[in-house]
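In this text, residue positions in the sequence shown follow the working numbering: the first is 166, and each later residue adds one.
I have placed the structure first, in the form of structure tokens, so that the comments after it can refer back to it.
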Amino acid sequence: MYPTFVIAGRLRRDYLLPPVGHPLIDVPGGDLLYAAAGLAVWEGSVGLLARVGEDYPHEWLRAFEQRGLDTRGVRILPEHLDLRFFQAYLDPLTPQRNNPVAHFARLGLTYPKALLGYQPPAEVQDDRKTVEPASPRPVDIPEDYLDASAVHLCPLDYSTHNRLMPAFRQGRTTTLTLDPSASYMIPAAWADLRLLLQGLTAFLPCEEEVRALFWGQSDDLWEMAEALAAQGCELIVIKRGGHGQMFYDAPARRRWEIPAYPTDLSDPTGAGDSFCGGFLAGYRQTYDPLRAVLYGNVSASLTIEGSGAFHALETLPGLAQARLDSLAEIVRQV
């Protein structure tokens, strides 16, 4: 049976030194998994779309399947792909991705042999023609994934987003949400971004990306949200970390501010991705976009209370619903 939801993104091999708790060395990660877990807090039937190399641990894929995730959309290439990702925190809000040797030494930890030769991600560049090796292609989409009614695209290069969107629209997808890559959230890419926004259900950038896009043009986030919606996107949600979300409902012409659910922060890794997964689940459950933002908010709150892509799924039954009910009482229309 085809999955109800499909999420396209990247799988990683994470090496995390979180602000609180033990190091995570060579564990499953990537925006795709965090988004899938955020969705799975509320709904099942999730298909994963990604590319990995032949060196990616196959036992991880089996573990994903045991959690109810459909991995038929994970294409295993007959080559090595370096999917390592390192991140350390100087404090809960200051992630660092450079110089892992220094961070392990700072904490008195033995440097993992598996990280030898690791190179941090290159600085974001405006390259809208390059397709990253680990980015999924339309040819990777299993035929029955095109029957999924709801699809979310995690941050990927512009070319991949531009190719995946029409591929899903040719199927039965009626709800399409997008978390952009910082690489094309720049003024010079505005004309290309407009093409992605046309007919999009929801655009889910973070505040830093939106400000970079409108650099030198506006300092008003609501003005920016309306400008984005004017390109043909129904719903704009600006993720603001610990400050929650700003939500602009274009059809209703309403603005909402949603505070982050108050909880103890252990590790913010993947919070934005988890939000996107929760948002998609909430929207398909209720078709109430404000309610969908609350679903995403709760998914993110569960994610940051611990470390690892699946931490949100290890909480007490009923906790997510209780948080949803509590959060609904403190949203504010602007």
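The beta carbon of each residue, even a glycine, is placed where N, CA and C say it ideally should be.
Specify the secondary structure class of residue i as computed by DSSP and reduced to three states.
i      : result
THR451 : helix
CYS441 : helix
GLY381 : coil
TYR276 : coil
GLY461 : helix
LEU362 : helix
ALA354 : helix
TRP207 : coil
GLY407 : helix
ASP344 : coil
VAL239 : strand
ARG293 : coil
GLU422 : strand
ASP429 : coil
ARG232 : coil
ALA367 : strand
PRO303 : helix
ARG376 : helix
LEU400 : strand
HIS317 : strand
Do residue j and residue i come within 8 Å of each other at the CB atom, strictly closer than that value?
i      : j      : result
ILE401 : VAL496 : no
TRP380 : PRO352 : yes
GLY461 : PHE440 : yes
SER314 : THR342 : no
GLY435 : LYS404 : no
HIS317 : ALA200 : yes
LEU226 : VAL239 : yes
TYR221 : LEU176 : yes
TYR349 : ARG302 : no
PHE170 : LEU445 : yes
TYR254 : PRO184 : yes
PHE251 : LEU280 : yes
ALA202 : ALA477 : yes
LEU214 : ILE172 : yes
ALA425 : GLY407 : yes
THR366 : GLU399 : yes
GLY233 : ALA205 : yes
TYR167 : THR340 : no
PHE412 : LEU369 : no
Shorter than 7 Å, the distance from the beta carbon of residue i to the closest heavy atom of the ligand ATP, or not?
i      : result
PRO168 : No copy of the ligand ATP occurs in the structure displayed, which carries no ligand at all.
Straight-line CA distance for residue i to residue j?
i      : j      : result
ASP453 : THR468 : 23 Å
HIS268 : ASP247 : 21 Å
PRO286 : THR480 : 32 Å
ARG161 : GLU372 : Examination of residue 161 is not possible in this model, given that the chain is present from 166 through 499 alone.
ASP179 : PRO277 : 12 Å
PRO345 : LEU197 : 13 Å
LEU459 : GLY471 : 20 Å
ALA356 : GLN363 : 11 Å
ALA415 : ALA377 : 22 Å
LEU358 : ASP490 : 35 Å
ASP256 : ASN264 : 16 Å
THR451 : ALA457 : 7 Å
GLY443 : GLU208 : 9 Å
LEU430 : GLN261 : 17 Å
ASP309 : GLN335 : 12 Å
GLY186 : GLY473 : 11 Å
ARG237 : PRO307 : 7 Å
LEU393 : LEU181 : 34 Å
ALA395 : ASP305 : 32 Å
SER383 : PHE229 : 43 Å
What span of residues does the beta strand (DSSP E) with residue i cover, start to end?
i      : result
MET411 : 410-414
GLY212 : 211-218
GLN252 : 249-256
GLN261 : 259-261
LEU182 : 177-182
GLY186 : Unbroken run through GLY186: none, as it is neither H nor E.
ALA417 : Taken as a continuous stretch (DSSP letters only), ALA417 belongs to no beta strand (DSSP E), as it is neither H nor E.
Assuming residue i is part of the alpha helix (DSSP H), what are its boundary residues?
i      : result
ARG334 : 323-334
GLY471 : That residue, GLY471, is in no alpha helix (DSSP H); it is neither H nor E in DSSP.
ASP490 : 484-492
LEU386 : 386-394
VAL266 : 265-271
Does residue i pass the burial test, meaning 16 or more other C-beta atoms within 10 Å, or should it be called exposed?
i      : result
PRO243 : exposed
MET330 : buried
GLU224 : exposed
ASP432 : buried
GLU374 : buried
HIS326 : buried
GLN136 : Given a span of 166 to 499 for the chain in the structure shown, any question on residue 136 remains unanswerable.
VAL217 : buried
LEU272 : exposed
PRO320 : buried
GLY483 : exposed
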